[in-house]
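First residue of the sequence shown? That's 662 in the numbering used here, and the numbers climb one at a time after it.
What follows is a set of notes on a single structure, which appears directly below.
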Amino acid sequence: MDPEMQKMREVVLVYLDRSGGLQKFVHDCKRYNDSKQSYAVYRFIISINPSDIAELDATLGNYILHNPLQAAQIFQSVCFVAIKTLSLIEQLQTEAQISILLKPTHLPPLPSYVLSLSAYPFNYTSQRFYMSEGIVIAMGTVTKYTQGARFLCTEEACPFSEGRFRCIRVHCPGATESATVRTDFVCSLCSSPLQEDMKFRVLGDKQIVEMIDAKILNALKGYSNDKSHFRIQAFTVFLRDELANKMTIGNHYRIIGIPACVQNGLQATACIEVNSVQLYKPNGPSFVSDNFKYLLSLTSSSCWRFTAVLANIFASQVVPPGTYNTLKLAILLSLVQTSEKENADYLDLLIVTSDTLVIDRLLNYSLCLLPRGIRHPPSSDIFPSVSKDKHGTGSASVQACSAVLAKGGICYIGDLSSYKKDKLELLQSVLESRTTTVFIPGKKYGEEADQQVTVSVQTNFWSFVDVDSSSKKHIQKENFLIGQMDVSLIPVNLVDGFGLLIYNESPSCHLSSPVVHHILKRAINPEAMLYKVSHQFRTQDYKEFILFARSLHVELSSEAESLIQGYYLASRRVRRDSIHGSTLSASALKILISLSKAHAKLSLRQRVLEEDAVIAVLLLESSLTLKHGTSALCVAPNPVFPFDLSDENSLQQRDIYLMQCHHQLLKFIAAYSPGIHINTNEE
């Protein structure tokens, strides 16, 4: 026996003993032995730490990293000796019946161990471990594959025709089903045809997943300063047995596996046979820029000033400072209220405007501030669809679309009036439940029964309605209430599904000139910084600020909670008619809480104050006025920014105005929701 090979076997035994792997192996053997059933293949999963093994024996460590299939044979030999020596599995006859799957805990953090699907060439011939990462864009249904099978020689006189486990076929990484089971195998002893002994076939679960490099998100954004060009290629991932259903469509994963090339007729497909899967969670920035810190200190005298200035100077690359302030504040609130957590607080925006070009540019620009900001292309589906798997299995594959790829971010779906009725109904259902169901007909995809796959949709939706085109498509109603807008082209329930309805009026005469000048100057010199604030607060600074702000965990103060509940109950009493009851939807309370939390985050606070709740109420009341007309609270058409912010004096005037709104809100609650106790400070 080769001394080096014998030494590696000894090191394997020492490592298994020290790491606890031997104890787990004995437990797995007991499970097989207790079943009293003979298998063609006994499968064992062994977790290995490459660093620990390399410290014990560098040769074995190198062997595992660069020749994992051969290294598995060493573990196979050690495990067979252990089983026979300790009599762990009575049914086991030959070493070939043992199938070892090595699962490395990690790989060395070196470029040579990283497989990038956006880089060329794609090395799929080395048959060694690589680490790769990407986003799941398609998932097939779980099907069966052959882990291993026993074959017998058809020649009766041949020793291999006896009922012993001498001819065993075991699945290898990247191999197709025909490589494990087919009818043209011949006996290695007499060259007679081999025939499978069907009662010993061992089946396992298999799932085919399509992944793509995370750089695809940059290509799907509506606006980006990144001018670099790169190649993007989807790649196939095979999840087997315990890894089946371990991935979720739309999630970002880091995987370790062995690349291979699967031949399907004349077409060759690059794939990765996965050994381990880990959810990728990027670390958000733990800081904000010095300019934002300085601005926060300058505006610390008021809870409203910091966010007002933020909105005022936001997106100066697209629109002049001081324009579209209410919309820009709503955008910032929606940006910081994004999360991949289940049951997150969502904040969807529906904008009614006639300035579609400017609004479209503003929303496109805002998408780039998040890692996952997706501009939905009109030619594709917003929500997941099902298609036939392209790898020849005939099974169903659920395809991720814009809403799923925007997980934890923003999905901008453009002009809402351009979608057909069935798409709008589906969008309404998703806004209400935050899930969508994909129906898979069994007969079409080779299954005995129909299936339904429920996909979680964890994103904020942005959209707009062009009032000019809407008015041309239908006859406007005449019986409007004061403050109400005609959005009857869009179903009422769908409009209610969006958290905020914002009417973006065309800039008034004295503001239209700066907007026109801005557009003309940008057209002449797209790279120019037209304003001083564009240098002080760059796009990158806003990216870091929003990523930091949205990671804050905020809690409602008792005062803010009482104010929100009081306004909600009072509004339900005020906004009602004799036929339909209250016109305030049940989701309004969630929207109020979401707006309040978002304003606290945008203010870099971890506690929601009454001042945050006041801004939330004013924004929601303005939205409700557009939908249903004015109420007894009677807010101004632009309640959050009633006048221009040009200097500190205008900020002081805004504070006084908002304090008056706060006092007016308290009187409204006292009048229409007397059961709610609100602390009022008489000044």
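Where a beta carbon is used, it is the ideal one built from N, C-alpha and C, also for glycine.
Of all C-beta pairs linking the stretch 1262-1278 to the stretch 1317-1326, three or more are shorter than 8 Å, placing the two stretches in contact. The C-beta distance from R830 to I919 rounds to 19 Å, too long to meet the 8 Å contact threshold.
When DSSP states are grouped into helix, strand and coil, I761 belongs to the strand group. DSSP places F896 outside any alpha helix (DSSP H); the residue lies instead in the beta strand (DSSP E), whose first and last residues are 896-901. Close CB contacts of I1225 within its chain, under the 6 Å cut and outside five residues either way in sequence, are with L1253, A1274 (chain order).
Under the three-state reduction of DSSP, M859 is assigned to helix. Distance from I1074 to I1101 at the Cβ level is roughly 25 Å; contact not present, criterion being Cβ atoms closer than 8 Å.
Across the structure, I744 and V672 are spaced so that their CA atoms are roughly 17 Å apart. In the DSSP assignment, N1186 falls outside any alpha helix (DSSP H) and carries neither an H nor an E. Counted as a single uninterrupted DSSP element, the alpha helix (DSSP H) harbouring M666 occupies residues 664-680. If you draw a straight line from the Cα of D1127 to the Cα of A1277, it is about 25 Å long. Of the residues assessed, Y941 falls on the exposed side of the cut-off, its CB having fewer than 16 other CB atoms within 10 angstroms.
Looking at the backbone, the Cα of S1218 and that of H1260 are separated by about 13 Å. R1266 and E1222 have their alpha carbons spaced roughly 16 Å apart. Secondary structure of D1127 (DSSP, three-state): strand. Here T720 is exposed: its Cβ has fewer than 16 other Cβ atoms, across all protein chains shown, within 10 Å.
In this chain, I1276 is not harboured by any beta strand (DSSP E); it is covered by the alpha helix (DSSP H) spanning 1271-1289. Membership of K1049 in the beta strand (DSSP E) is indicated by the continuous run 1046-1049. Here the C-alpha atom of F967 lies approximately 12 Å from the C-alpha atom of E1309. Distance from the CA atom of Y1333 to the CA atom of E1282, rounded to whole angstroms, is 15 Å.
Excluding the 5 residues flanking it on each side, G1034 has same chain C-beta neighbours closer than 6 Å at K882, L1028, G1070, I1071, in chain order. In the three-state DSSP reduction, L1162 falls in the strand class (E or B). R1234 carries a helical assignment under DSSP once its states are collapsed to helix, strand and coil.
Judged by DSSP secondary structure, S793 falls within the beta strand (DSSP E) whose first and last residues are 791-801.
Under the three-state reduction of DSSP, Y774 is assigned to helix. Per DSSP, reduced to three states, the secondary structure at N912 is coil, with no helix or strand assignment. The secondary-structure analysis by DSSP pairs M872 across a beta bridge with V797, F896.
For E1205 and Q734, the gap between their C-alpha atoms comes out near 49 Å.
Per DSSP, the beta bridge partners of K867 are T804, R901. The stretch 793-803 and the stretch 722-729 do not touch, with fewer than three beta-carbon pairs separated by less than 8 Å. Judged by their CB atoms, L855 and F812 are nearer to each other than the 9 Å cut-off. In the displayed model, G1227 falls within a helix according to three-state DSSP. Residue F1125 holds the alpha-carbon nearest to the alpha-carbon of Y1080 among F1125, A1110, S1094, K1104.
With a cutoff of 9 Å on beta-carbon distance, Y1007 and R1095 are scored as near each other.
Taking L1306 as the centre and dropping the five residues before and after it, the same chain places the C-beta of A969, V970, N973, G983, N986, L1312, R1315 closer than 8 Å to its C-beta, in chain order. Leaving aside the five residues that flank F686 on each side, the residues in its chain whose CB is nearer than 8 Å to its CB run, in chain order, L677, F705, I707, C740, A743.
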